Amino acid sequence: MNDQAGQGLYTPSLEHDACGIGFVANINGNRNHQTLSDALTMLENMEHRGGKGSSPKTGDGAGVLLQIPHAFFQQVMLDSGIELPEEGKYGVGMIFFPCDKQVRQQCRETILHFIKSLGFELLGYRPVPVNHDVPGPGALEVEPHIEQLFVQAVNPAWDSSVLERKLFVLRNAVTHAMNRDVKGGNEFYITSFSCRTIVYKGQLRTDQLREYYDDLQDERVTTALALVHSRFSTNTFPNWKLAQPFRYIAHNGEINTIRGNVNKMKSKEALFRSSYFTDQELELLLPITNPQFSDSANLDALVEMLVLSGRSLPHVLMMLVPEAWQDNKLMDPHRKAFYKYHASMMEPWDGPAALVFTDGNRIGATLDRNGLRPLRYCVTRSGRVIAASEAGALKIDAKDVLEKGRITPGKMLLVDLEKGRVFDDEKVKRSVYEGKPYYQWIVQQRTKLRLEPVPENFEEDFHTETLTKRQQA
Amino acid sequence: MLTFLIGLSDFPTFDLIGSRPMGQTDGFIKFNREMPKTRDPKERINDYKEIYPPLNEEHVHQQSARCMDCGVPFCHNGCPLGNNIPDFNDAVYHGKWEDAIRILSETNNFPEFTGRICPAPCEASCVLSINNKPVTIEYIEKAIVETAFANGYLKPQPPKARTGKRVAIVGSGPAGLAAAAQLNKAGHWVTVFERSDRIGGLLRYGIPDFKLEKNVLDRRLRLMEQEGIIFRTNANVGENVSAKFLTEEFDAVVLCGGASAPRDLPIPGRELKGVHYAMEFLTQQNKRVAGDRIFSGDILADNKNVIVIGGGDTGSDCVGTSNRQGAKSVTQIELLAKPPVTRNQETNPWPNWPMVLNTSSSHEEGVQRNWAILTKEFVGDHMNRLTGLKVVDIEWQVGESGKAGFIERAGTERIIPCELALLAIGFTGAERGNVVQELGLELDDRGNIKTTNYLTSVEGVFAAGDIRRGQSLVVWAISEGRETARAVDAYFMGGSQLESKDLSQVRISA
Amino acid sequence: MAEKGYEPVGSMGDDTPLAVLSKESRHLSNYFKQQFAQVSNPPIDPIRERLVMSLFTRVGASLNVLEESADHTRQIHISQPVLLNSDLAKLKNMEDQGYPYAVIDCVFVADGKPGRLKEGLNRICEEACQAVKAGKRILILSDQKINSGHAPIPSLLSTGTVHHYLIENKVRTHIGLVAEAGDVWEVHHFATVIGYGASAINPYLALETIHTLNQSGVFQKNLSDREAFANYQKAIGNGLLKVMSKMGISTLQSYQSSQIFEAIGLSTEVIDTSFRGTISRIEGLGYDDLATEVLIRHQLAYDLQSNELPAGGIYQWKRKGEKHLFSPDVIHWLQHSTKTDNFELYKKYAQKINDQTREQLTLRGLLEFKKRKSVSIDEVEPVESIFKRFATGAMSFGSISFEAHTTLAIAMNRIGGKSNSGEGGEDEIRYEQKPNGDWERSAIKQVASGRFGVTSYYLTNADELQIKMAQGAKPGEGGQLPGDKVDEWIGRVRHATPGVGLISPPPHHDIYSIEDLAQLIYDLKNANRQARINVKLVSQAGVGTVAAGVAKAKADAILISGADGGTGASPISSIRHAGLPWELGLSEAHQTLVKNNLRSRVTLQTDGQIRTGRDIAIAALLGAEEWGVATAALVVEGCIMMRKCHLNTCPVGIATQDPELRKLFTGNPDHVVNFFRFLAEDLREVMAELGFRTVNEMIGRTDLLRVRQDVDHWKVKKLYLSPLLYKENAAEGVGLFKQIDQDFELERVLDWKLVELSREALDQSTPVTGKFTIQNTDRSVGALLSNEISKRFKGKGLPEDTIHVKFRGSAGQSFGVFAAPGITFELQGEANDYFGKGLSGAKLIVYPDKDSSFKPEDNIIIGNVAFYGATSGEAYIRGMAGERFCVRNSGVHAVVEGVGDHGCEYMTGGRVVILGKTGKNFAAGMSGGIAYVFDPEHTLKELYNPEMVDLERMDEADKVEAHAMIEKHFHYTKSDPADWILENWDLASELFVKVMPRDYKAVLLKKGVVVAEKVVK
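So the sequences go chain by chain: A, B and C.
Start counting the first sequence at 1; every next residue gets the next number (our numbering).
Start counting the second sequence at 474; every next residue gets the next number (our numbering).
Start counting the third sequence at 984; every next residue gets the next number (our numbering).
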């Protein structure tokens, strides 16, 4: 936010946050409201992991990501006379509009422009019903105007994965244009714009989230997975955008190398070419990362880019947050080759982190190589996986428990709702590192300086007589 | 030459060598302070040779191990030259004598002098002396320089380039010599004018040979000559060399004439034969040792009862010299009260100079010392020859004004028989000879030449040493000479790269 | 470094000026301060957790990230970034393998004309771009080509500038940067040049210097050049790991160009062009000024024909060279004035210090008070009310002698100020007041990452509990007390085995993020409700936001510690290059707290080289209502700044445990009291002058400070200090000093019910039992109850099992934290992180819910970091524990059925029996105690960290001990694995491996205990 630009010695880029995270998922993909409700309960039971400002009513931020509740949207939109296409054929954008009506109008015009030019059709807006008396005073001051935007593709052949990519282009194009062209447009923010998932979040306390959004209490809102996040920030400047989850991940941790990562992205983005996006689309998408955003937001943006350009979600997380492989003598050489190979193109986004991630069909969790953040999970006989920063945040009948575990350093857990299976670290990673001949590539292409011969004409050439002079200079 | 400096930090050497603790970290716990044994007093009073036997390297090594390499080396502060004492101690500890002499020479042009005759304020401020005996810094200093001379580490180092500037130095005492050495190092042409027949000033004629043998002085002067310094003896500026000549012929003049005007004792009988200034007495003897004949009338202590008036170092030198000349008895008297054996922690705490009873080597050779004695009158016979000194005991008191004063103790007046009385009660200030008048120099309140950053009231004329700051130690004179040289260099060049004791070397001239 | 392979160590902090305040020509790297982790992210232990770290680096082009092909990995891999000359030659020899290179001469015209450096930089940027266009893959930035007409561009500057120029032109990924640098030799130089974009560095001049030093026989060992170079590479590598780890970064690859520095005193132009994105809040030198810095050295080398390097003196006080605040006369005046109770002499001391301060040594020296209507000194609040705002520094018993420690404590107790226990426990004899009214108890008890001696009783005996997040002298790093310093006494106080070395880990293993700190604060508040909770932070950019977070985590007080202070021993690069003076950190913290409306909830305290009333007045005006004084107080006790604190040879009996040297201690509480009275009087005089009657009125009044205009130094003139004096406009009703108490919501804790249950036990030691349900929101269970026990029954507590409570459900974090003797907690269900943290004698039992059907030994039942810093007690865990089980345990006897990575890390005492799997890095840094691991598959030898322990077979005594513990485990938990092992003891006992610390074994051997033979691997 502009008015929070550094004055005095305070440096906004040095803010930190941390939090509680978790998810509830039905392995077989069954949708129900209970899943959402349980996830919210779990979130509320981690209130002590969230932060409060000088006013106890103002939280640092909380949110939930769920599958698009198609049946619910169909019904409520029909109530206002809009018929939605079948599931997966339309995208829902959850939008924080600036409060200023005029700016808002400009926003809508910009959106419309890109909807048309990118091959979409506007279905309609839905003001999201919220309770304004819930947020704390600080949060309320900058409470955005929240609406949902429904669009469908003009081309009926776009399946959900094409649609997802096009929506990504649309979202970035709109956001960049808003920042660039519209005064006050930087308050504009799209929490999610997808045909699969939707994010409800805000500068709220964990127990305010459910109360604030009517949708979250509506029994008709069902999902097979729900991912939650509560934020504890080192400050309490009013800001709704900083709440999590983002579009693909929720992050508990800190990326210590963020400045270097984002700097490097600048030149990496210049090289972007993809068979999944046209060059014009890429131009609209860029920049993906932005030094103004938080470390978590940048990580999410990059995850999204890499996933939508063809890599699987576990693959992307393995390349961005690799486990400790260098000195691990027990590691499968092919697995190691995967990490070596990816080290050639991407340095780790390094720092303590617990991550939960989902693309709407698969949901999982991973820890960084140090594993300093806790992440406990439980698999139930009734077919659910519950993961959270704390055990017991959601009460589970002891008889129902099949397995209790924790994510260990550098390891991953994945629930595939389409396949109806839970994958452990080895299974999920093997499917990734066996996907391409990384081992051969490494052996063929890599040169180790240590093993190179010293050139024959090399001679140590010390000029002792001028040493002092050069030391001085 | 590769430099080896510990303590460097913005330069590579330090970090590359690492933090090897200097010296031996627990040396001060393991070893006690031990000075080398001096020659037996009974033997040594028969000659004018130095009282110390040759060096014992193992002993020096052990003593250097006592240095604690303090984080805040108080000895630096104690030393008027700012000698890097822990650094050279460490070099000695590691047997790196060449490094040691280099470190020492950076801050001290003449360690062979200070290593012999300095009262060593550095040792007084040595951190070990808080609750132990200080490191034998002065002894180590002497060991370094003597080892260096013995092994040929000290070679003439004439400057690589000459600036063409010419400097005249008036007076060849320690201040003059130090200034000469430094200015020459900076590339200026230096000529030293000395009114006496030999170079060295106080070092030559003021300090007895048993404390500083003159070949020590001569070998240094040879080096300096080889480095390009010109010495002119019998050149009494203001008398046979005009000061105007100097200011016209030279780009700068540095006055280092000393504070040789002795303090007199204007009491009845002062004119009697046998009452002399200490310096007259000492100078004569030094000339004798040098093989000169004395034409102006011998002042000798042989078979006499000698009274030395004044309890300082000069007095002590008179005691030693008198004993060597075969005095019947030597008595030394002092106006002040007898100092305590240990320091008063309240009023005279470490690291200040300890005001305690000091017994010099000359005292060991035989003397009757008396304190709190006021001289009343020299008593003579009909031939106007001194026969005794009338004295009275006094008592020191702090008066109402807070100032200390004394009262005579009734009934203690007496005459001490003596045939030779030597006045060693200090000096009154700069010799206000013709130079001062000829150049019209301003003086300060105490009669010394007034300077601003060593520059006198006359353009291009500088002053250094006792002539500027009043009577002081040789080590201060060297310091004065060095600092003045820096001022002169800066005067010529706009800035100076010469070492300075409390300014860092790398500085911005802009 | 070349000799021994590690970085130099020193002690007592750094009182030299910031590079931009220095009158010397300083290395450009010195304008950059390393950032370090505190609170919001944990530092790493680069030695014991080396397995997660890597120095690997690479050179070559990076291709399109969105696609994958074999060509993507065509790069040169380099195992560590210090290139020997032969390595550079290799790199230059790989053109025909597809790695063409270009060398760019990084020099500029040395005629002193303005713009020359910028011209040089423009040229090299242009040449760099040309090289990329020409298809080069490696760019060598070389400063070899200097001569009398050309001066070197600092490698850091050329690297940063080219790096950013290539980024701007979007071609950075095409090429790798290698510096051939004469001006890179110490760790910090490497860190900065890599941090701004270089992949590898050839420090040719350093290598040459090593060669020459070696030839001249400087190194004590007989080394070949090759060995000396290898040692140097190792030392730099380890140093870099330390720099990275202090920010919590594991890989050099990520560290490269991550710019984790704050620049102090560089202009916006320089930052934006050459170091874009670097935090830089104090505006300063431009390119021409940087050129001047270089030219001074260049001039020295080429114009002056000087043959000697100037003496440095950055670290020690030298008569010439850099200025230090504590010079001999200042030390003398301070000691003498306080000994003789002479305020006039103190004023002389203060005058000299203030004058030195003004000589640009410090930021506060550049400030002056604005004139204001003065008041009579009689109207100013009395010294007695100022006294309570004073604290002395945190120095542990162990680092300083008992005499020195208690003298400070007595003095501070006399005046109502606070002394600090430091990290290392406190002898219980000090808790009782002496007949003459003197009290040796430290009002502040520190809780540091080692948790030595932190028991319920220790915490109960405090007015303030201070969580040390970082230490000024070495933020982001841990510490180590070697075994030979742990004598009987220190061992007892620290609850450690005498003779066994003690390691303080870099992070608090219960604080990996801000919400974890909130949890520890909550733990401590439960352990002593009366005590104020203070969080100690070290000044750096961003400390303000951290402080805001800490205030939200409900600390009562925050100490912003200046990085220039500190008394402990640390690597020299940490002393010099990490952290900022307190002025910056304090001001930032105050501004940020006001901005967030949190200022009135916390007391702000500051310390670091505070020595006079003027210093204190400035601290108050910048926002601190309390002040700590460490070094000066030690000097009053007799310290003469030997800076040899780490050698145990302190000649004045302060920083030593040597009984003979301790006898030389002459400190006296009277002198210390005199000193604080002088400080208070001095402050009152300033207050009167400025027209303040109370200290509270002064807090945060930066409007009464201004930057001096009379400083005549070219560097300082460029400084822009206004951000330091920015006055954050407080919203209406927002206080500028602590006025509102934090609400810990303690009324909700489960412990009140436990206290209620235990009434008879607390009154008459009568046994009681009870049952409760529990959930994850019930945190820190047992702390408050233990506090009540410790108040009544002191350290020994109650007899075993006096208070026996059964819980069912999921326990929240810190279950059984600091639980005192006499407590038995039996938990049916599961628990979260920090189970049994700081356990102080109680017994904890946990087993799964009776309705559950999974196999407990394969499932996790308690979370990470169990028994961290526990001192005594027993525990039986029917199931697996998470990471870092029994980290820094010094006395607990625990049985568990499996543990995660880093089990028994830093353990110094106690017994651990593990009946199932262990994770990686087991027993890293373990110096004491014994672990018995059931290892039927013989995997432990692959998993343990061999640095400090050996694997052995159990001897008969071990078997007896292990058997007894497993029997109890079965008794309490009905464990199946325990049952099987006991049933088959003869076989099973052979399958146990005894993990034995070498340190501990040596101690036992000394005592004549027979130790089993090492297992041959």
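Glycine included, every Cβ here is placed at the ideal spot set by N, Cα and C.
This one's a predicted model, so the numbers in the text were calculated from it and none came from an experiment.
Integer-rounded CB distance, given that residue j should sit under 8 Å from residue i
i, j, result
"Gly1591 of chain C", "Trp1565 of chain C", "4 Å"
"His1146 of chain C", "Gly1180 of chain C", "3 Å"
CB contact check: residue i to chain C, cutoff 9 Å
i, result
"Leu449 of chain A", "yes"
"His549 of chain B", "yes"
"Glu15 of chain A", "yes"
"Phe851 of chain B", "no"
"Asn261 of chain A", "yes"
"Trp823 of chain B", "yes"
Buried versus exposed call for residue i [16 or more other C-beta atoms within 10 Å across all chains shown]
i, result
"Pro1097 of chain C", "exposed"
"Thr832 of chain B", "exposed"
"Asn1657 of chain C", "buried"
"Val443 of chain A", "exposed"
"Asp1166 of chain C", "buried"
"His1885 of chain C", "buried"
"Asn261 of chain A", "buried"
Nearest residue (CA-CA) to residue i, options the options
i, options, result
"Phe1202 of chain C", "B:Ala651, B:His567, B:Thr929 and B:Glu953", "B:His567"
"Ala1638 of chain C", "C:Tyr1709, C:Met1909 and C:Gly1621", "C:Gly1621"
"Ile1360 of chain C", "C:Glu1739, C:Ala1162, C:Leu1666 and C:Ala1531", "C:Leu1666"
"Gln1429 of chain C", "C:Glu1163, C:Lys1401, C:Thr1345 and C:Glu1728", "C:Lys1401"
Which of helix, strand or coil DSSP assigns to residue i
i, result
"Val1585 of chain C", "coil"
"Val356 of chain A", "strand"
"Lys1721 of chain C", "coil"
"Thr925 of chain B", "strand"
"Met94 of chain A", "strand"
"Ala18 of chain A", "strand"
Cβ of residue i within 9 Å of any chain B Cβ
i, result
"Ala1294 of chain C", "Only weak support exists for where Ala1294 of chain C lies, its pLDDT of 40 falling under 50; the value from the coordinates is given anyway. By this cut-off, Ala1294 of chain C is an interface position."
"Ile1314 of chain C", "yes"
Proximity test, Cβ basis, 9 Å: residue i and chain A
i, result
"Met1625 of chain C", "no"
"Ser1138 of chain C", "no"
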